[in-house]
Ligand code: SF4
């Protein structure tokens, strides 16, 4: 196991009993009632249990958990008593998975889809956000969240009613927006600027896009969806993952997006995450950033011309040309982010996003520390 920046899973974190599912974690007595989830009081040691009263039905004594959380964080208890901190006030990003179903089968999917109905995840996610009550951006991912159709629209309404300070960033393949009526329903919920949709377009060649997302006809629906979203004012962050199949046309995708889609606020180019099916298909997909540096530079030129910023996600700075490093952001979520030993005295460590912890093994890329 590698040391991640923020540990989020705690095994055996219970004291004789625990609920199963989403819970609100308490370190002190709350000022206001919060009945959206079961509450679990966390103590750092038995000597600290003086304040114990009955506002929580459950309690645990666990110093590691106590030190890792803030009062009011949201966790998930598995049946065997492992606790995962899902929404954390200390985290650099928080994301909730609202479904494992999807109408794409991307060759690099980090969360390979399942077929079973799992709409309880959507309901519990709305309650988790309501319980968390934080003025923060929360990522919503899947699977494909918009497969819920009208139920997803209701989810947006619930979040805005129950936790008005929360903003949402929704990862979607955008195909649902090819239905203009549906895109228009969602657009009505976007006026307050509290929601943005991350939509990937991998190629201008429909065969290549459809091959990468494992679904014939996906390109046409996604492009139509992006056009509808743009015309109706749904805010979009466009995403591109370079692979061996599409790295030579990155700058053309950027130019096309700037010319054709009217509500793209950012284009994110994302280094492949070595997990799920991406790990399985690594040899046929992964291409090192050094091989497409010139394409990245052209992307920046095209983005600047079109007035859309180009941002580079998931790149260790030492694997990027010096001129590109200013576009890289620390994008890896802290619970899956690590810095190998060699990074210890690198002069760029503070600005650098490091590596995915899942890159250990055959997908590891050696850090080249910069002194
Ligand atoms: S050596 Fe480590 S900290 Fe330095 S740039 Fe590379 S990955 Fe980042």
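Numbering (our numbering), first residue to last: 4 to 374. Ideal Cβ placement from N, Cα and C applies to all residues, glycine included. Here the structure is a predicted model, which means the values were calculated and not measured.
Indicate whether residue i and residue j have their beta-carbon atoms separated by less than 9 Å.
i	j	result
residue 221	residue 180	no
residue 326	residue 341	no
residue 13	residue 86	yes
residue 33	residue 74	yes
residue 43	residue 363	no
residue 273	residue 300	no
residue 161	residue 140	no
residue 104	residue 145	yes
residue 142	residue 95	no
residue 318	residue 292	yes
residue 131	residue 39	yes
residue 332	residue 304	no
To the nearest angstrom, report how far apart residue i and residue j are at their CA atoms.
i	j	result
residue 69	residue 31	11 Å
residue 250	residue 295	7 Å
residue 47	residue 76	16 Å
residue 107	residue 35	43 Å
residue 182	residue 235	12 Å
residue 91	residue 129	16 Å
residue 37	residue 151	27 Å
residue 271	residue 50	49 Å
residue 324	residue 298	12 Å
residue 216	residue 82	34 Å
residue 312	residue 261	10 Å
Quick one: measure Cβ to Cβ for residue i and residue j, integer angstroms, because I've assumed they're closer than 8 Å.
i	j	result
residue 237	residue 189	6 Å
residue 2	residue 7	Residue 2 cannot be examined here, being either before or after the span of the chain that is shown, 4 to 374.
residue 199	residue 253	22 Å between Cβ atoms; not a contact.
Put residue i into one of helix, strand or coil per three-state DSSP.
i	result
residue 52	helix
residue 179	helix
residue 101	coil
residue 58	coil
residue 172	strand
residue 289	coil
residue 211	helix
First and last residue of the alpha helix (DSSP H) that includes residue i?
i	result
residue 269	Segment 267-273 is the beta strand (DSSP E) holding residue 269; no alpha helix (DSSP H) there.
residue 410	Because the chain spans 4 through 374 in this model, residue 410 falls outside it and cannot be assessed.
residue 256	253-263
residue 70	66-71
residue 35	Careful: residue 35 lies outside any alpha helix (DSSP H) and carries neither H nor E.
Starting from residue i and walking both ways along the beta strand (DSSP E), at which residues does that stretch end?
i	result
residue 78	76-80
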